[in-house]
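Some notes on the structure that comes next.
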Amino acid sequence: MSQGKKKPEEWSQFVWQVLSAQGQKLIKDGKMIEADEDNLAELTEQAKGFAQKQLPIFKALAIA
Numbered sequence: 015m016s017q018g019k020k021k022p023e024e025w026s027q028f029v030w031q032v033l034s035a036q037g038q039k040l041i042k043d044g045k046m047i048e049a050d051e052d053n054l055a056e057l058t059e060q061a062k063g064f065a066q067k068q069l070p071i072f073k074a075l076a077i078a
């Protein structure tokens, strides 16, 4: 968000660019996610959950 990204899809794209540049991949259910598209999809799902659940709390606390 501090980079001007306003939507969960934008957040996940930014994060995936950073992680993939470092050669990192996500792990889900104990298994590494291999495909770039699958990593991005998982990040997007997590970002949407954050936007719906945690972000409103952070905004109410004036943290975000």
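The sequence shown begins at 15 in this note's numbering and counts up by one. For every residue, glycine included, the Cβ atom is placed at its ideal position computed from N, Cα and C. Everything numeric in this text was worked out from a predicted model, so none of it was measured.
Tell me whether residue i is buried or exposed, calling it buried when 16 or more other Cβ atoms sit within 10 Å of its Cβ.
{"i": "serine 26", "result": "buried"}
{"i": "alanine 61", "result": "buried"}
Roughly how far, in whole angstroms, is the beta-carbon of residue i from the beta-carbon of residue j, given that I think they are within contact range, below 8 Å?
{"i": "alanine 78", "j": "methionine 15", "result": "7 Å"}
{"i": "glutamate 48", "j": "lysine 39", "result": "7 Å"}
{"i": "proline 22", "j": "alanine 65", "result": "5 Å"}
{"i": "serine 34", "j": "aspartate 50", "result": "7 Å"}
Below 6 Å CB to CB, which residues in the same chain sit around residue i once its five sequence neighbours on both sides are set aside?
{"i": "leucine 57", "result": "Ser26, Val29, Trp30"}
Which of the three DSSP states, helix, strand or coil, is assigned to residue i?
{"i": "lysine 67", "result": "helix"}
{"i": "lysine 1", "result": "Only positions 15 to 78 of the chain appear in this structure, which leaves residue 1 out of reach."}
Considering only residues of the same chain and omitting the five flanking positions on each side of residue i, which have a CB-CB separation below 7 Å?
{"i": "leucine 69", "result": "Ala78"}
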